[in-house]
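Going by the working numbering, the final residue of the sequence shown carries number 1795, and the count climbs one at a time with no gaps. The next block holds one structure in the form of structure tokens; read it before the comments.
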Amino acid sequence: MSITTFLFIFKSIRAPPAKIFVTNYNYLYRRAHFMNDANTNYLKQHIDILSFRDLAPGTITTYSSYMTQFIEWTESVLSSKPLSDISWEQLRSYIRFLKEVRELNPRTVNVHIAQLRDFYQYVLHRDWDRYQIPYLHYDELLPKVPTKAEVNSIIDSVYNPKHKAELALLYSSGIRVSELTRLKCGDIYHSRHCIYITRSKNRSDRYAVLSERAYGLLVAYIRTFHPSAKKQDWLFPGQKEDSHIHQQSVYNTFKKWLSILGLSDAGYTLHSLRHGFGLHLYEAGTDIMTIKEAMGHKSLSSTSVYLTLGIGNGRSVTSPYDV
């Protein structure tokens, strides 16, 4: 496939998704360059449908990469057999490849299956038999959550004002890293003790709590790195002009300090700070509905994990046998 064909495919999509592929240009070109024309066209149709559904840019990038991986597998293992002619057994072989060779966790494999289903229904116009390709069962594992002492140790140890403010906001407000990176200076409302979150994971705007301690760290960061910031500017700008900081940058900071403090093997991720916010609120006596609203959960089932974690951490629950 020529570079002209590649650019035509990805520039023919509506503006928002097209911008996604500008940032992933080299990656996508290297991958699509080796596909045959029919499969390249199928991939374009799949991306077009994802775009039509108005999914988040990151979601479109992830889902399209899953289909790219599937097409590459068929061209390599099935000798470029037409996608419409692939049997259920061959599709199951691909799922086994994801499970046993790539060792993906069941939740991730299920997302791959969902994308295959959509691809076959909306692009190939084939019926999908969920009994032929069932979703995988998976274990409900409790998240690893740092203690308050560990969180304070991590944040207090960071000496860079920008990095310190990032981690402090993640924990003290319970926001997602994707929400943190998209904050603008005008989203901080100190007088109202809140942060305005635009288009959160659930595609809705919401308010998050603004900690006084975190606000103090934020002011110190702005005075040092961002003294002329305007309301419309990114709170944490990236290296490129008019861009915000990348999530990976925040993750690298967190990972670095976990290593320095000897917590690399604790199983903590950047999202653990958000879990810490929810759990520590619950342990402090905050009711579960208030926590749900503070965290922007769509369903109470997402918040209920902190009840289980609270019992595991020794929160007082008296057995009826002892009453």
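Beta carbons: idealized from backbone N, C-alpha and C, even for Gly. Being a predicted model, the structure only gives us computed values, none of them experimental.
Requested in this report: Tell me whether F1480 is buried or exposed, calling it buried when 16 or more other Cβ atoms sit within 10 Å of its Cβ.
Outcome: In the sequence shown, the residue the question calls residue 1480 occupies position 8. Because F1480 carries a pLDDT of 43, less than 50, the predicted location of this residue cannot be relied on, and the following value inherits that uncertainty. So F1480 counts as exposed.
Query - P1709 versus S1715: straight-line alpha-carbon distance, rounded - result: Translated into the one-based positions of the sequence shown, residue 1709 becomes position 237. Translated into the one-based positions of the sequence shown, residue 1715 becomes position 243. If you take the alpha carbons of P1709 and S1715, they lie about 6 Å apart.
Query raised in the report: Looking at L1652 and the ligand COA, is the gap between the Cβ and the nearest heavy atom below 8 Å?
Result: Absence of the ligand COA from the depicted structure is noted, as is the absence of any ligand whatsoever, leaving it without description.
Query raised in the report: In angstroms, rounded to a whole number, what distance separates the CA positions of A1686 and I1627?
Result: Within the sequence shown, numbered from 1, the residue matching residue 1686 stands at position 214. Within the sequence shown, numbered from 1, the residue matching residue 1627 stands at position 155. Cα to Cα, the separation comes out at about 10 Å.
**Report entry** Length at least 4, wholly inside the region 1575-1659: the alpha helix (DSSP H) runs in chain order
**Finding:** 1578-1590, 1620-1629, 1633-1645, 1649-1653
Report task. Grab the span of the alpha helix (DSSP H) containing R1678 for me, first residue to last. Result -> In the sequence shown, the residue the question calls residue 1678 occupies position 206. Careful: R1678 lies outside any alpha helix (DSSP H), inside the beta strand (DSSP E) at 1678-1681.
Query raised in the report: Which of helix, strand or coil does DSSP assign to H1665?
Result: Taking the first residue of the sequence shown as 1, we reach residue 1665 at position 193. Note: H1665 maps to coil in three-state DSSP.
**Report entry** Buried or exposed by the 16-neighbour rule on C-beta atoms within 10 Å, applied to Q1587
**Finding:** For the purposes of this step, residue 1587 is taken as residue 115 along the sequence shown, with counting starting at 1. Buried, since its Cβ has 16 or more Cβ neighbours within 10 Å.
Report task. State the CB to CB distance for the pair I1567 and I1532, rounded to an integer number of angstroms; the pair is presumed to be in contact (CB under 8 Å). Result -> Locating residue 1567 in the sequence shown gives position 95, where the first residue counts as 1. Locating residue 1532 in the sequence shown gives position 60, where the first residue counts as 1. Actually they do not touch by this definition, with Cβ atoms about 23 Å apart.
Requested in this report: Give the range of the alpha helix (DSSP H) segment to which Y1754 is assigned.
Outcome: By 1-based counting over the sequence shown, the position of residue 1754 is 282. Its alpha helix (DSSP H) spans residues 1743-1755.
**Report entry** In DSSP terms, what H1518 is bridged to
**Finding:** Stepping through the sequence shown from its first residue, residue 1518 is reached at position 46. The partner list for H1518 (beta bridge, DSSP) is empty, contrary to what the question assumes.
Query - Beta-ladder partner(s) of W1560, from DSSP - result: Here residue 1560 corresponds to residue number 88 of the sequence shown, with the count starting at 1. Residue pairing by DSSP places W1560 opposite no residue, since no beta bridge is assigned to it.
Query raised in the report: Based on the DSSP secondary-structure assignment, which residues constitute the bridge partners of H1718?
Result: Along the sequence shown, one-based indexing puts residue 1718 at 246. Its beta-bridge partners do not exist; DSSP assigns none.
Requested in this report: Determine which residues share a DSSP beta bridge with W1706 and list them.
Outcome: Within the sequence shown, numbered from 1, the residue matching residue 1706 stands at position 234. K1656, per the DSSP bridge assignment.
Query - S1536, enclosing alpha helix (DSSP H) - first and last residue - result: By 1-based counting over the sequence shown, the position of residue 1536 is 64. Counting along the chain, the unbroken alpha helix (DSSP H) around S1536 starts and ends at 1529-1549.
Query raised in the report: Does DSSP put Y1687 in a helix, a strand or coil?
Result: In the sequence shown, residue 1687 corresponds to position 215, counting from 1. Helix, per DSSP.
Query raised in the report: Among I1543, F1569, E1572, which has the Cα closest to the Cα of I1558?
Result: For the purposes of this step, residue 1558 is identified with residue 86 of the sequence shown, where counting begins at 1. Relative to the Cα of I1558, the nearest Cα in the group I1543, F1569, E1572 belongs to I1543.
Query - Where A1701 falls: helix, strand or coil (DSSP) - result: Within the sequence shown, the letter at position 229 stands for residue 1701. Three-state result, A1701: coil.
Report task. List the endpoints of the continuous alpha helix (DSSP H) containing M1767. Result -> In the sequence shown, counting from the first residue as 1, residue 1767 sits at position 295. Run containing M1767: 1760-1767, per the alpha helix (DSSP H) assignment.
Query raised in the report: With burial defined as no fewer than 16 other Cβ atoms inside 10 Å of the residue's Cβ, what is the status of I1732: buried or exposed?
Result: Walking along the sequence shown from the start, residue 1732 turns up at place 260. Per the 10 Å Cβ criterion, exposed.
Query raised in the report: Using a Cβ-Cβ cut-off of 7 Å (strictly less than) and excluding sequence neighbours within five positions of H1635, which residues of its own chain qualify?
Result: Sequence index remark: in the sequence shown, residue 1635 carries index 163 (1-based). Only T1725 meet the Cβ criterion.
Query raised in the report: Do you know how far the Cα of K1553 is from the Cα of L1652?
Result: To locate residue 1652, count along the sequence shown from 1; it is residue 180. To locate residue 1553, count along the sequence shown from 1; it is residue 81. L1652 and K1553 have their C-alpha atoms spaced approximately 44 Å apart.
Query raised in the report: Taking the alpha-carbon positions, what's the N1511 to W1545 distance?
Result: Working through the sequence shown from its first residue, we reach residue 1511 at position 39. Working through the sequence shown from its first residue, we reach residue 1545 at position 73. Approximately 12 Å between the Cα atoms of the pair.
Query raised in the report: Between A1528 and L1735, what straight-line distance do the alpha-carbon atoms span, to the nearest angstrom?
Result: Residue 1528 sits at position 56 when you count from the first residue of the sequence shown. Residue 1735 sits at position 263 when you count from the first residue of the sequence shown. If I take the Cα positions, the gap works out to 33 Å.
Query raised in the report: Rounded to a whole number of angstroms, what is the C-alpha to C-alpha distance between N1513 and Y1723?
Result: Residue 1513 sits at position 41 when you count from the first residue of the sequence shown. Residue 1723 sits at position 251 when you count from the first residue of the sequence shown. Each residue's alpha carbon lies about 36 Å from the other.
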